[in-house]
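Residue numbers (the working numbering): 329 to 433. Using N, Cα and C, we set each Cβ at its ideal position, and we do this for glycine too.
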Amino acid sequence: MSRSESLAAYLRTQARRRLDRVEARDEGRNARTALALLDTAAYAASLPDDDPLILMLDQAGCFGPLGCEGFDPGEAGNRLVRHWQGGEPHELLLALPSAISGAGQ
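Structure representation (structure tokens):
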């Protein structure tokens, strides 16, 4: 599996989790988050592995120390993804390295 595919699979899994959440009075928040994550997953799947966004995520350690493991943004990245309310797909991908490096300080 390529890094782009691994990233897309992670985002689809997170979207499914948001769709499965049942919360009283969420006013569609979980559905909006899920749609934003699915949109980002589709975008990520279209990126080549040498795309600057994928390389930034690799440098942030999201694909393991050797860059060949499944996508895992760590707790700080997971928190960002869980609370993502939408925006352009590239904005989430750009925000992940900062969230990860900020948690390590």
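Query, Result
"Sufficient close CB pairs (3 or more, under 8 Å) joining the stretch 336–353 to the stretch 367–375", "yes"
"The stretch 419–426 in contact with the stretch 379–388 per 3-pair CB rule at 8 Å", "yes"
"Burial state of Cys390 (16 or more Cβ within 10 Å)", "buried"
"Outcome for Gln433 when other beta-carbon atoms lying within 10 angstroms are tallied against a minimum of 16", "Low local confidence applies: a pLDDT of 40 at Gln433 is under 50, so the model's placement there is unreliable, and no value is given."
"Reduced DSSP category for His418 - H, G, I as helix; E, B as strand; rest coil", "helix"
"When Gly430, Ser330 and His411 are compared against Ala362, the one with the closest alpha-carbon", "His411"
"Closest residue to Glu403 among Ile428, Glu355 and Tyr338 (Cα-Cα distance)", "Ile428"
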